[in-house]
Amino acid sequence: MKKMGKKEEENGNPYQNVDRSTALQEAKKFHETPLRPRLCSETCTKVIYLANQGEEFTTTEATDFFFAMTKLFQNKDITLRRMCYLTIKELSKMTEHAFIMTQSLTKDMNGSQDLFRPGAVRALCSITDPTTLQSIERYMKQAIVDKNTAVASAALISSFHLCDKAYDVVKRWANEAQQASSSDNQMVQYHALGLLHHLRKRDPLAIEKLVVKLSRSGLKSPLAYTLLIRIAAKLLADDDDRTALFDFIESCLRNKNEMVVYEAASAIVNMKNISHKEIAPAVSVLQQFCGSPKPALRYAGVRSLNKVAMKHPSAVTACNLDLENLITDSNRSIATLAITTLLKTGSESSVERLMKQISNFMSEISDEFKIVVVEAVSALCAKYPRKHSVMMEYLSKMLRDDGGFEYKRAIVNCLITIISESPESKELGLMQLCEFIEDCEHTSLATRVITLLGDQGPLCANPSKFIRFIYNRVILENEVVRAAAISALAKFGAVPALTDSVLTLLLRSMVDEDDEVRDRATFYYHVLKLKDDKLNSQMIINGLVVSLPALERQLSSYLEVCPEEPFDMKTVPVMAVKEEVEKQATASKKKEPSRDEIYAEELSRIPDFQALGPLFKSSNEQKLTEAETEYQVSVVKHTFLKHMVLQFNCANTLNDQVLKGLSIEVEGTDGYEPVSYIPTGELVYGTPGKTYCIMDLPEDDEVCASSLSCQMKFIVHDCDPNSGDVDATGYPDEYVIDDIEISVGDHIQRVLKPNFPASWEEVGDEHELEETYHLSEIGTLEEAVKQIITFLGMQPCERSDKVPEGKVHHVLILSGVYRGGHEILVRSKLVLKDGVQMQLTVRGTDPTSVAVVASAIA
Numbered sequence: 001m002k003k004m005g006k007k008e009e010e011n012g013n014p015y016q017n018v019d020r021s022t023a024l025q026e027a028k029k030f031h032e033t034p035l036r037p038r039l040c041s042e043t044c045t046k047v048i049y050l051a052n053q054g055e056e057f058t059t060t061e062a063t064d065f066f067f068a069m070t071k072l073f074q075n076k077d078i079t080l081r082r083m084c085y086l087t088i089k090e091l092s093k094m095t096e097h098a099f100i101m102t103q104s105l106t107k108d109m110n111g112s113q114d115l116f117r118p119g120a121v122r123a124l125c126s127i128t129d130p131t132t133l134q135s136i137e138r139y140m141k142q143a144i145v146d147k148n149t150a151v152a153s154a155a156l157i158s159s160f161h162l163c164d165k166a167y168d169v170v171k172r173w174a175n176e177a178q179q180a181s182s183s184d185n186q187m188v189q190y191h192a193l194g195l196l197h198h199l200r201k202r203d204p205l206a207i208e209k210l211v212v213k214l215s216r217s218g219l220k221s222p223l224a225y226t227l228l229i230r231i232a233a234k235l236l237a238d239d240d241d242r243t244a245l246f247d248f249i250e251s252c253l254r255n256k257n258e259m260v261v262y263e264a265a266s267a268i269v270n271m272k273n274i275s276h277k278e279i280a281p282a283v284s285v286l287q288q289f290c291g292s293p294k295p296a297l298r299y300a301g302v303r304s305l306n307k308v309a310m311k312h313p314s315a316v317t318a319c320n321l322d323l324e325n326l327i328t329d330s331n332r333s334i335a336t337l338a339i340t341t342l343l344k345t346g347s348e349s350s351v352e353r354l355m356k357q358i359s360n361f362m363s364e365i366s367d368e369f370k371i372v373v374v375e376a377v378s379a380l381c382a383k384y385p386r387k388h389s390v391m392m393e394y395l396s397k398m399l400r401d402d403g404g405f406e407y408k409r410a411i412v413n414c415l416i417t418i419i420s421e422s423p424e425s426k427e428l429g430l431m432q433l434c435e436f437i438e439d440c441e442h443t444s445l446a447t448r449v450i451t452l453l454g455d456q457g458p459l460c461a462n463p464s465k466f467i468r469f470i471y472n473r474v475i476l477e478n479e480v481v482r483a484a485a486i487s488a489l490a491k492f493g494a495v496p497a498l499t500d501s502v503l504t505l506l507l508r509s510m511v512d513e514d515d516e517v518r519d520r521a522t523f524y525y526h527v528l529k530l531k532d533d534k535l536n537s538q539m540i541i542n543g544l545v546v547s548l549p550a551l552e553r554q555l556s557s558y559l560e561v562c563p564e565e566p567f568d569m570k571t572v573p574v575m576a577v578k579e580e581v582e583k584q585a586t587a588s589k590k591k592e593p594s595r596d597e598i599y600a601e602e603l604s605r606i607p608d609f610q611a612l613g614p615l616f617k618s619s620n621e622q623k624l625t626e627a628e629t630e631y632q633v634s635v636v637k638h639t640f641l642k643h644m645v646l647q648f649n650c651a652n653t654l655n656d657q658v659l660k661g662l663s664i665e666v667e668g669t670d671g672y673e674p675v676s677y678i679p680t681g682e683l684v685y686g687t688p689g690k691t692y693c694i695m696d697l698p699e700d701d702e703v704c705a706s707s708l709s710c711q712m713k714f715i716v717h718d719c720d721p722n723s724g725d726v727d728a729t730g731y732p733d734e735y736v737i738d739d740i741e742i743s744v745g746d747h748i749q750r751v752l753k754p755n756f757p758a759s760w761e762e763v764g765d766e767h768e769l770e771e772t773y774h775l776s777e778i779g780t781l782e783e784a785v786k787q788i789i790t791f792l793g794m795q796p797c798e799r800s801d802k803v804p805e806g807k808v809h810h811v812l813i814l815s816g817v818y819r820g821g822h823e824i825l826v827r828s829k830l831v832l833k834d835g836v837q838m839q840l841t842v843r844g845t846d847p848t849s850v851a852v853v854a855s856a857i858a
């Protein structure tokens, strides 16, 4: 090939303007006498380039080019012949007449020119289909054990790819592959092992015998050793009761080749359920790598130790001195991994020293690595709560340093986590965030911090000190931040001692140039002016808990009908908690619709459900059949005001049957009575279907929990799996599935209360019930909290779902909305004594729903 000139190098890709018709026209050069190999090679290169760019050649074009290429095999030019092989491989998929090259390729494959033979083997296998493979089987067997290592490797790789087309034929070459596995050439041995493993992949026992045999006989190729280690590790992952395999991997830690040693160490540290004693030799090897003069080995060692530190931090503690030496490594990737590993394994006494090292180190790395370090600091915060003040000091310094949005957001997230988990650090953390928003240039971060200040600031001992920082945002920032600041100020105004001061500030903002800011200021001013604690809690502190898209739909429907009755907010579905969390976490991104909104939209298209009113809640999917059964069914419970819709998701796993008129009949009990069914049209193999059952809810509102028996009924039509023809005659059949469990949680929607004490006082004790229970079968407070939350289906508030370590008493507070829009609040006092003793206090706006929740545990 000609050398590319300076101008061509400057112009970039020399083939970017090549078109298909021109390249195919140039095939005329193949018939010239004498043949010009360089020009013919260029033509082949153009065709290969176009094929790799996704250009589709028609069958006729590819076939004509193949016929023209047969002339090129008369020339002995090495470069031209190799280009021919590559072109054949690329175009063989586009024509059915690739076999015209078989004779020429077979001749080259068995010829005396060693430079032609490997390429000929690869090209010949690419044009061979299962029907013609037997004609070259003898040649392939010879090639696998050929003395020329390039030919043997080419044959082994081609055999590997042919397995997918003709497994039964290639399986007969196992003896030759076994012979090649003892080759002196490293690459041949590696490829032979790969083929042997591929041929035995359906038989784990045969693979295990292969590994044991080769591990005893020994391998000369480091590549083959690494593959053998990976095969052994995969077998151990499927069944860890194979001590011989683990002993083999552990013996590889003493291999002379560094690649084999690292592969063995990596395999051991990534194993599941491995003990501290078993992992120790691998950690010792990785520790030696950390002191290697080779950067690649240092990086490999510290990277694997970083992974080990996530599961076995105590095992890595012995390497801390070596890791500290790597903090000053010239390779910043190694240094970052070293510092993050130390953060995971360091002791409480070393936190201050580590944080000091981090502060010196952060200015030298990119934002991408800084985020990794901050995430590691966040994990350290959870590990050592008593060191929160030290870490917060360094985090605030990082927050003032230069950095991009993602880096700043990671630090803010870390500070917010500390504030939420450590009440004693709250005021310090909030003050640091106040200083951050003084010169924050990211609107989404500023609004998030201001919202946090509004939620947490009024609960502090001296909330007035935060007001100045928030009001500065009203004066100095853009309209989005100003609007958030007004809402935050209003929450401070709900504190009686600060109401008059905040009213003055809101009065000034009522003349803001932005509509949103003016409207918020006006609304909050008039609410606070009434000085009604209950109204403040409802309108400012906790706010609306309805789904805004659902509210918009309901208002639109209300305005279209224009009824005489006033609009009832209780008809609007409440906002799911996950939706609120997602809203806060992705303030700058477009939010995807929630699961309940998707279900509501889907059900609204079905005429039978339009008279049921708005959807209140959709449950999680509940499996009603085992995964291995011929029919798979799951149910989603959709709760409305007076009805429940059971949505059955069905799948047919039999390819020789089509089910028609499928419906699932439910036996009514405890007041749950089926009203009507919506069957599926037909259920074919591989295509899921849905059937529905509308049920009346019990007339007695205090009845919630129940168990419903189900039976699937359908007409079976036999089907030809190959042609898809369905028998016109069918026969009825039935299939029993598991019962549907309906719990109290199916009637309660989770709702988050940012200020639970205010909500508790707002609801009042007019409808309050108190019950005492002894949960004898529950042995820990953590288990009790988890089961209560799951059973009641309510939202834990103020992180009360986290039980402090070593505590024997705990208070769990929950909030939710009962079907019909009735607010429910629960305070559960738990004491660990002969099981768990629980005092359950329930408050709500409706006596029936309070009675239901109070008696639910019993």
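Using UniProt numbering, the first residue of the sequence shown is number 1, and each one after it goes up by one.
Yeah, the Cβ is synthetic: ideal placement off N, Cα and C, and Gly gets one too.
The segment 100 to 117 and the segment 76 to 92 touch, with three or more beta-carbon pairs separated by less than 8 Å. Within the same chain, Leu199 come within 7 Å of Lys171 by CB-CB distance, once the 5 residues on both sides are set aside. A straight-line Cα-Cα distance of about 21 Å links Glu673 and Ser849. For Leu415 against Leu395, the beta-carbon gap comes to about 6 Å, under 8 Å, which counts as contact.
Excluding five sequence positions before and after Ser21, none of the CB atoms of its chain fall closer than 7 Å to its own CB.
In the assembly as shown, Cys562 is an exposed residue. Its beta-carbon has fewer than 16 other beta-carbons within 10 Å. Bounds of the beta strand (DSSP E) holding Asp733 are Val726 to Ile742.
With the rule of 3 Cβ pairs closer than 8 Å, the segment 304 to 313 does not count as touching the segment 349 to 363.
Judged by DSSP in its simplified three-state form, Ala705 adopts coil rather than helix or strand. Around the Cβ of Asn652, a 10 Å sphere holds 16 or more other Cβ atoms; the residue is buried. In terms of Cα proximity to Met838, the closest of Ala851, Val716 and Val811 is Val811. The continuous alpha helix (DSSP H) containing Arg518 extends over residues Asp515 to Lys529.
In this structure, the alpha-carbon of Val18 lies about 8 Å from that of Leu50. The segment 511 to 522 and the segment 738 to 747 do not touch, with fewer than 3 CB-CB distances between them shorter than 8 Å.
For Gln189, the uninterrupted alpha helix (DSSP H) run begins and ends at Gln186 to Leu199, by DSSP. DSSP assignment within the segment 321 to 345 yields the following whole alpha helix (DSSP H) runs of 4 residues or more, N-terminal first: 332 to 345.
Three or more beta-carbon pairs drawn from the segment 725 to 737 and the segment 692 to 712 are found closer than 8 Å, and the two stretches are therefore classed as touching.
The way I'd put it, the segment 765 to 773 doesn't touch the segment 793 to 807; fewer than three beta-carbon pairs between them come closer than 8 Å. For Tyr167, the enclosing alpha helix (DSSP H) starts and ends at Tyr167 to Val170. Pairing Glu601 with Pro549, the inter-Cα distance amounts to about 11 Å. Relative to Ala382, the option among Glu421, Val412 and Gln749 whose CA is nearest is Glu421. Residue ranges of uninterrupted alpha helix (DSSP H) with 4 or more members, entirely inside the segment 41 to 95 and ordered along the chain, are 59 to 69 and 78 to 91.
Two segments are said to touch when three or more pairs of C-beta atoms, one from each, lie closer than 8 Å; by this definition the segment 269 to 278 does not touch the segment 288 to 295. Taking the CA atoms as reference points, Val212 sits about 11 Å from Ile249.
Going by beta carbons, Val666 and Leu683 fall outside the 8 Å limit. The three-state secondary structure of Ser634, taken from DSSP, is strand. Under the three-state reduction of DSSP output, His822 falls in the strand class. For Thr772, no alpha helix (DSSP H) run applies; the uninterrupted beta strand (DSSP E) run containing it begins and ends at Glu768 to Leu775, by DSSP.
Under the 8 Å Cβ criterion, the segment 605 to 615 does not count as touching the segment 626 to 633, having fewer than three qualifying pairs. The three-state reading of DSSP puts Asn306 in helix, counting H, G and I together. DSSP places Gln113 outside both helix and strand once states are collapsed to three, so it counts as coil. For Lys642, the CB contacts under 8 Å within the same chain, skipping 5 residues up- and downstream, are Leu612, Gly613, Asp696 and Leu697 in chain order.
Using a Cβ distance threshold of 8 Å, Ile450 and Ile470 count as a contacting pair. Beta-bridge annotation (DSSP): Cys693 is paired with Leu646 and Tyr677. Secondary structure of His442 (DSSP, three-state): coil. Between the alpha carbons of Arg230 and Ala177 lies a gap of roughly 19 Å.
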